[in-house]
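Per full-length UniProt numbering: the sequence shown = residues 1 to 245. We put the beta carbon where it would ideally sit given N, CA and C, even for glycine.
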Amino acid sequence: MCVSLQSQSNTHIILDSGTGIRLLGDELMKDKRDIYILLSHNHWDHIQGFPFFVPAYMPNKNITIIPGVTDAQAPDAILRQMDGSYFPVQYDDLPSTVKVVQQQNDTWHYHDIKIERMAMNHPGGGSAYRLTVDGLKIVYAIDNELYPPNDPVTSFDKWVEFVDGVDYLIHDGQFIPSDYPLKMGWGHSQIKDALDLAVQGKVKNLVLISHDPARSDDDLDQIAQDIGKQGYDFKTIIAHEGLII
């Protein structure tokens, strides 16, 4: 999982460091800007791309990594995967300057981008982010179970407040009703619940992400068609590799 955000004034933020960050790194090789990565959490599919991120091997690059709020016990897990056992290059040998910074506040700014943070409902925890950039409001909340079987870390009502009026809600949409009984508590949402959140939060665009790996392209096309027939006031976008908005 990897999402890239850029402001009109050229501020750049990367959300998560899954396999997609490899191709992004190729594009950033000649970019002189510092790199700022917000991690939702340390699960493998959100950090495993970093060892293949070319800017990490460039001596003139400064990389700041903000771990998820509940990763206090292992804030540098993204680097410790490069310990010689799982990857041949050890993180201490990287020529770039890499800092892992535990952000103490739930609201802060990175240059001209305002960042707000909310705890996700996911095994082991994690962070969702609300970003305000160039007048647009964007929420990134993947791997989030809106109605977990046990007491939620963040209630549905709190999520409605967090996403209120955003231009883009990028949210977990991994399961359909037939999937859910066997996968309840895995930390992912049903698509229908993400749609409900978009309705109650009065969002303008819903981007469904974190698809079930077993879902085919044809399946996702059918899901998009079915949603389109329901006449929502917002636009629904099915995320895919290389999507540009």
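Spatial distance of L94 from F87 (CA atoms)
12 Å
Among D134, L28, D31 and S17, the one whose alpha carbon lies nearest that of G49:
S17
I'd like the list of long-range same chain contacts for K202, defined as Cβ closer than 7 Å, with 5 residues on each side in sequence excluded.
D164 and G165
For W108, the first and last residue of its enclosing beta strand (DSSP E):
T107 to Y110
Does the beta-carbon distance from G125 to V69 come in below 9 Å?
yes
Going by DSSP, what residues sit across from N60 in a beta bridge?
Note: N60 sits in no beta bridge, so no partner.
V203, DSSP secondary structure in three states:
coil
What ranges does the alpha helix (DSSP H) occupy inside the segment 72–101, keeping only unbroken runs of at least 4 residues that lie completely in it?
77–80
Which whole-angstrom value is the C-beta distance of residue 324 and I142, which I expect to be below 8 Å?
Residue 324 lies beyond the residue range present for the chain, which begins at 1 and ends at 245; the question has no answer from this structure.
Does the beta-carbon distance from M58 to S96 come in below 9 Å?
yes
Distance, Cα to Cα, V101 vs Q225?
42 Å
Using 10 angstroms around the beta-carbon of T236, count the other beta-carbons present and answer buried if the total reaches 16, otherwise exposed.
buried
According to the neighbour-count rule (16 or more other Cβ atoms, all chains shown, within 10 Å of its Cβ), is H109 buried or exposed?
exposed
Among all the DSSP beta bridges, which residues are the ones paired with Y168?
I138
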